[in-house]
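Participant:
Protein chains in written order, with the working numbering: chain A, 1 to 347; chain B, 348 to 694; chain C, 695 to 1041; chain D, 1042 to 1388.
(1) Rounded to whole angstroms, what is the Cα-Cα separation between residue 655 of chain B and residue 674 of chain B?
(2) Is there at least one Cβ from chain B nearer than 8 Å to residue 1171 of chain D's Cβ?
(3) Under 8 Å, Cβ to Cβ, is there at least one residue of chain A near residue 795 of chain C?
(4) Going by Cα to Cα distance, which pick from B:618, B:454, B:475 is closest to residue 465 of chain B?
(5) Residues in the region 1111-1125 of chain D with C-beta within 7 Å of chain B's C-beta atoms, listed in sequence order?
(6) Name the chain C residues whose beta carbon is nearer than 9 Å to that of residue 96 of chain A?
(7) Using C-beta distances below 6 Å, list every residue in its chain close to residue 431 of chain B, excluding the 5 sequence neighbours before and after it, in chain order.
(8) From which residue to which residue does the alpha helix (DSSP H) around residue 1195 of chain D run?
(9) Could you work out which residue in C:1017, C:928, C:789 is closest to residue 972 of chain C when comparing CA atoms only?
(10) Could you name the residues of the same chain whose beta carbon sits closer than 6 Å to that of residue 251 of chain A, not counting the 5 residues immediately before and after it, in chain order?
(11) In this structure, what does DSSP give as the bridge partners for residue 1147 of chain D?
(12) For residue 271 of chain A, which residues of its own chain have a beta-carbon under 7 Å away from its beta-carbon, when the five flanking residues on both sides are left out?
(13) When you compare the CB of residue 1057 of chain D with every CB in chain F, is at least one pair closer than 8 Å?
(14) Based on Cα-Cα distance, which residue from D:1190, D:1314, D:1072 lies nearest to residue 1152 of chain D?
(15) With DSSP run on the structure shown, which of helix, strand or coil describes residue 10 of chain A?
(16) Just verifying my parser: in three-state terms, what is the DSSP assignment at residue 423 of chain B?
(17) Alpha carbon to alpha carbon, how far is residue 422 of chain B from residue 315 of chain A?
(18) Three or more beta-carbon pairs under 8 Å between the region 240-256 of chain A and the region 66-73 of chain A, yes or no?
(19) Are the C-beta of residue 48 of chain A and some C-beta of chain D separated by less than 8 Å?
(20) Kindly confirm or deny that the region 259-267 of chain A and the region 164-182 of chain A touch, where touching means at least three C-beta pairs closer than 8 Å.
(21) Relative to the alpha-carbon of residue 378 of chain B, which residue among C:824, C:976, C:697 has its alpha-carbon at the smallest distance?
(22) Per DSSP, residue 546 of chain B is paired with what?
(23) Give me the subset of the region 1259-1276 of chain D whose CB atoms are less than 9 Å from a CB atom of chain A, sorted by chain position.
(24) Note down, in chain order, every chain D residue with its Cβ under 7 Å from the Cβ of residue 611 of chain B.
(25) Rounded C-beta distance between residue 756 of chain C and residue 1049 of chain D? I'm assuming under 8 Å.
(26) Can a CB atom of chain D be found closer than 8 Å to the CB of residue 133 of chain A?
(27) If we count Cβ pairs, one from each stretch, closer than 8 Å, do we get three or more for the region 539-552 of chain B versus the region 510-519 of chain B?
(28) What residues are listed by DSSP as bridge partners for residue 396 of chain B?
(29) Measure how close the beta-carbons of residue 507 of chain B and residue 561 of chain B come, nearest whole angstrom, since I'm counting them as under 8 Å.
(30) Any beta-carbon of chain C closer than 8 Å to the one on residue 1096 of chain D?
(31) Spell out whether any CB of chain D is found under 8 Å from the CB atom of residue 902 of chain C.
(32) Answer with buried or exposed for residue 330 of chain A, where buried requires no fewer than 16 other C-beta atoms within 10 angstroms of its C-beta.
(33) Classify residue 913 of chain C as buried or exposed, calling it buried when 16 or more other Cβ atoms lie within 10 Å of its own Cβ.
(34) Going straight from the alpha carbon of residue 1258 of chain D to that of residue 1121 of chain D, what length do you get?
(35) Excluding the 5 residues preceding and the 5 following residue 286 of chain A in the sequence, name in chain order all residues of the same chain whose CB lies nearer than 8 Å to its CB.
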């Protein structure tokens, strides 16, 4: 019963096979392997973006930080939600890669609203040379609270950004999970809505460790390459990144994997609803936040269930006190584990 | 016939098997997997260093940059050879990770000498607060010209550094190849000689992509962890790095692999010597620099041999003009390819 | 009628005389002039801090950024009020000097409260290596809204910081104005309350351009000197900074000057109160925020009064609409100008 | 007898008077004072560059670092002479301001030659994404060894840079001294030769502390302003910088002052030549390097003469051993002191 994160499950066998299959003979190093060309062709087709440039790195933080640094000057500020991964979970990597840019928190909700974004943007540069200048807007899709921006919501945020001439970054660590929820095309969820650069996640959705950065405008391609190298994220044996991403995109494995994760989560939600559990945020993809009594947490804990107690503490006297949990499902979870988890919540 | 680099060959099957075997069920992410504990125990035993702390990253540049940044203030300078990888081949990554430290080039040879190092160190700080301050000494073993520091040479360099109270970093991207050449223990080539922190390479010697950073003094362990995370080099699915390194260190695979690479190189050297080829630097490990006529280069080129023409150009009228080549062998090279290469040089 | 800022008035004649007097013959450059020794002795006596080290720079932003960088690692975050100068008015200088540290905004009021500070600190590092680590607390005294922390308030904030082992920085761009308000000693407002490092302002209080950074613990003195040089803030003709600071501290000029500024402000407040003006924040030093009708603003504007319309816009139809003003007094303001300003508000 | 540096003498009375005269009433802060407009007009006229943008800072290191950072990406390298101030005397400030760019040392002489520059530039980027990319060329005029590039030499260096599409920075800390030596126009020594940005020094030539950065192409003006603010080099009471620079440029004071410094130096050289002293570098402006016996150094030392013993040490047995001295003259030196110095060398 592992619901702590979608980065703790195994890689999909098809990914692992592709890595093993790539392991024959010599291959040009440092991103000059032949497989990356196939990956580029796949992504351009899938995103209907024949001009897009595509680079691979091994961590989501690298993807986000390099993407933002390429679109952000050190005297600017990045607009993001207060719970954004780039703000809370990357130990100042965006500040590091951007040579000291700031992050401006937009509103106080997990989802940015166009009004809050406009207010935040207008608020900066009221001070001329004294304050940080306006930089990119970064949107997380799936959000860090498991909700999904609709195409309308995404477009409205991009419109605000574009109104100020600002570039838009999409942190798509869970890109596929959001896409499956929305049932739209990758193009609709990105450049058609106004997104300029995407961190396209693979690691959390069945890969060993690979993320693509997709720049729809190739103008900054060379700068990105240099920043990747300078950040020590250019792999010599790059073919193993390419092989993962190629397999991930072949035969819709990426969508299939996300569908399984979301379906697992839906089953979990259904069970928990039956158990009378309250949800902090609307469950829309593969991550949920919900509250149930300490006694249930203790039963789960005793049974070895792994997940984050998000607020409150297992320690405490009152068995009825409500504690929040964060629960994440991946493609590899089993119906059995989910049902067992729900059963333990029910008591 | 691939002699361009030791980062272009396949991973050793035992490494790939270990990665595949690690791919079952859930594992704690972000370096909390159980395999890393085994790796730590292995390295502590192999290096006779029970206090050492060990961290894994995926690229040699990350290992070097993070190791140096942990021992270097932004107002200091790192002492290294003019051909050091950290100076020539990392696109300012050491400057980036150290927040803008300088690199001071020691002497003009591929190997630093104690005298040149002392002169360089004494030269800095003659200017008090105005010049960069003295920072770590970084030694590359195997050097970027394929030569190997003897234990006496290493110790003498470390003694100079220690005389000024400076820490010593060893860039061991080809650590195993040097160790096999010297026939000494890992401890003798590192902390017993005076080294404080090692970039211990796996990628060039049969791994998919993994390097260990070994700090013999655990005092800076937590700072290193934070710098690794901030640099976006902390893998969520860390078990796949751990699995590689564990297999690499098991049953002396790392030494066996280096022995094969060095033996391949020795066979190549022997053949080239017979062919009357001149060597720019004494061949001591798995990388050589040598000169032979343009006509021979052209035969190799026509036959599809891959390697760097290090000085001069294939284009040119004079078939007798001597052009230099850099040739690197890895564990996976075949005697057949080597002999064919030599045959083509002979004409 | 100039109330736009206390950095737009002339330097006090005594300061200017001291600069002129320092202009004879040769003086050792780069902070080795004899006058700085006198300044150090003055500050150690005034602050009852015989161990304190003192450095001069020319801008408040330099003082703040260098002080913070000396106490902050790049993977840490600085705790400050949302309206702090370091956050809003320094164009990412603190992020620059700290090599990319973050700023965490405490609460939503111009004054930090101990509870809000504790909450903010506890909130960080709930995420281990993933989030920014806890760094220094920076307190602005006088606050950016013209209010003054009492000794009790300062001590309570420092106690919270100390409870977490965090250093405390005091941004004292208007140090003297606060001191005059509180009627306490410099020691009470700094190290006795728990402050580790102070930006001690001179520029806004009658100097040409000089700020002292005072470190009560000399341990980081040399690091500060190197950071100052690396930041290009070490003056070659340093004697002119020393001369200003010496004159500023001689015969209580700094206190006298602040008393005049505060008294000017008190006269302004009294007049505006009579005129029925509302104050946004309690006037406690030499800067006030208050609201009065657009018609009054227009009268002032027509008469050439200089100040910031803080919210709202002069343009608009409704003469009765209330617009906020920020008004700052310095030592050089005249009673005549103040009374004329008040008269125009009254209409 | 002070020959240690040209930054230790007093400011010219006309400069000091201008500062005092600027000290009346209120003036708009942060570079919006009316005097800076006059300065801009002066510089545009003097440099025959009606489009040039001009900014003031207080230190030469700030001028150099900000100018370079504005023309240099963090993954690039700056080409300069091994003795360049930016390399030896700024404690990594250029690396800091450029977010970690590298400095590549050109040749081994105090003056760069076009051939050495071309070789250095060609050498970089032979490694594609792996090495630092080519960035600006920085030329020091007067050089750090007291020699002066002729217009032909400057133009030849700029031509090499331009051939590679690289911008050129001139470190003109002693701009006026060089100009007086060459007898050319400011335009000829800068943009007509191919220079893009100049650090135009005032501090070493009679000012209190002011340097102008002149960008001949206004395209990067706003970026420069933001970098200046972020570097904490935007003065609130900016009028005092403006006043210095205005007086410096009025009635050819800057040229007059440099002529006096150079003339003082010429007198010193003449005396030393008569005394049989050897010169390490051709004396061309106001700084010389020469060798004479320890006994003479000791006589000077005993008489209180201040200057740098550049190589060797006063301590030592052999009174005949030759020790090098660095001697710098400023506008304020007296013929009497010079003659007395020469007399003591003669013995």
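Heads up, the beta-carbon is just placed ideally off N, CA and C, and yes, glycines get one too. All values derive from a computational prediction rather than experimental measurement.
Facilitator: Judging by the given coordinates:
(1) Mapped onto the second chain, residue 655 of chain B falls at position 308. Mapped onto the second chain, residue 674 of chain B falls at position 327. The alpha-carbon atoms of residue 655 of chain B and residue 674 of chain B are separated by roughly 7 Å.
(2) The sequence position of residue 1171 of chain D within the fourth chain is 130, counting from 1. Judged by the 8 Å Cβ criterion, residue 1171 of chain D is in contact with chain B.
(3) Start at 1 with the first residue of the third chain, and residue 795 of chain C comes out as number 101. Answer yes: the Cβ-Cβ gap between residue 795 of chain C and chain A drops below 8 Å somewhere.
(4) As a working mapping, residue 465 of chain B is identified with position 118 in the second chain. Nearest option by C-alpha distance: B:454.
(5) 1115, 1116
(6) Residue 96 of chain A sits at position 96 when you count from the first residue of the first chain. The answer, in chain order, is 768, 769, 793, 794.
(7) Here residue 431 of chain B is taken as the residue at index 84 of the second chain, counted from 1. Cβ neighbours of residue 431 of chain B beyond the five flanking positions: 487.
(8) Indexing the fourth chain from 1 puts residue 1195 of chain D at position 154. Residue 1195 of chain D -> alpha helix (DSSP H) spans 1192-1204.
(9) Indexing the third chain from 1 puts residue 972 of chain C at position 278. Minimum Cα distance to residue 972 of chain C is reached at C:1017.
(10) Residue 251 of chain A sits at position 251 when you count from the first residue of the first chain. Result list for residue 251 of chain A: empty, nothing under 6 Å.
(11) The residue labelled residue 1147 of chain D in the question sits at position 106 within the fourth chain. DSSP lists no partner for residue 1147 of chain D.
(12) In the first chain, counting from the first residue as 1, residue 271 of chain A sits at position 271. Cβ within range, chain order: 338, 339, 342.
(13) Of the protein chains in this structure, namely A, B, C and D, none is chain F.
(14) If you number the fourth chain from 1, residue 1152 of chain D lands on position 111. Comparing Cα-Cα distances from residue 1152 of chain D to each of D:1190, D:1314, D:1072, the minimum goes to D:1190.
(15) Along the first chain, read from residue 1 onward, the residue named residue 10 of chain A stands at position 10. In this structure, residue 10 of chain A counts as coil in the three-state DSSP scheme.
(16) In the second chain, counting from the first residue as 1, residue 423 of chain B sits at position 76. Correct three-state label for residue 423 of chain B: strand.
(17) As a position in the second chain, residue 422 of chain B is number 75, starting the count at 1. As a position in the first chain, residue 315 of chain A is number 315, starting the count at 1. Answer to the nearest angstrom: the Cα atoms are 47 Å apart.
(18) no
(19) Stepping through the first chain from its first residue, residue 48 of chain A is reached at position 48. With 8 Å as the cut-off, residue 48 of chain A does not count as an interface residue toward chain D.
(20) yes
(21) Indexing the second chain from 1 puts residue 378 of chain B at position 31. That would be C:824, whose Cα lies nearest to the Cα of residue 378 of chain B.
(22) What you label residue 546 of chain B is simply residue 199 of the second chain in a count that begins at 1. Paired residue(s): B:518, B:560.
(23) 1263, 1264, 1266, 1267, 1268, 1269, 1270, 1271, 1275
(24) Along the second chain, read from residue 1 onward, the residue named residue 611 of chain B stands at position 264. What residue 611 of chain B touches in chain D: nothing, since even the nearest Cβ is about 25 Å away.
(25) Here residue 756 of chain C corresponds to residue number 62 of the third chain, with the count starting at 1. Here residue 1049 of chain D corresponds to residue number 8 of the fourth chain, with the count starting at 1. The Cβ separation is near 23 Å, so there is no contact.
(26) Within the first chain, residue 133 of chain A is the residue found at index 133, counting from 1. Yes - at least one Cβ of chain D is within 8 Å of the one on residue 133 of chain A.
(27) yes
(28) Locating residue 396 of chain B in the second chain gives position 49, where the first residue counts as 1. Bridge partners of residue 396 of chain B: none, in fact.
(29) Working through the second chain from its first residue, we reach residue 507 of chain B at position 160. Working through the second chain from its first residue, we reach residue 561 of chain B at position 214. Actually they do not touch by this definition, with Cβ atoms about 22 Å apart.
(30) In the fourth chain, counting from the first residue as 1, residue 1096 of chain D sits at position 55. Residue 1096 of chain D does not count as touching chain C.
(31) Counted from its first residue, the third chain places residue 902 of chain C at position 208. It does: the Cβ of residue 902 of chain C has a partner Cβ on chain D nearer than 8 Å.
(32) What you label residue 330 of chain A is simply residue 330 of the first chain in a count that begins at 1. Label assigned to residue 330 of chain A: buried.
(33) Working through the third chain from its first residue, we reach residue 913 of chain C at position 219. Residue 913 of chain C is exposed by the Cβ-count criterion.
(34) Numbered from 1 along the fourth chain, position 217 holds the residue referred to as residue 1258 of chain D. Numbered from 1 along the fourth chain, position 80 holds the residue referred to as residue 1121 of chain D. Looking at the two C-alpha atoms, the distance is approximately 22 Å.
(35) In the first chain, residue 286 of chain A corresponds to position 286, counting from 1. These residues qualify, in order along the chain: 6, 142, 146, 174, 177, 258, 261, 262, 264, 265, 328, 329, 330.
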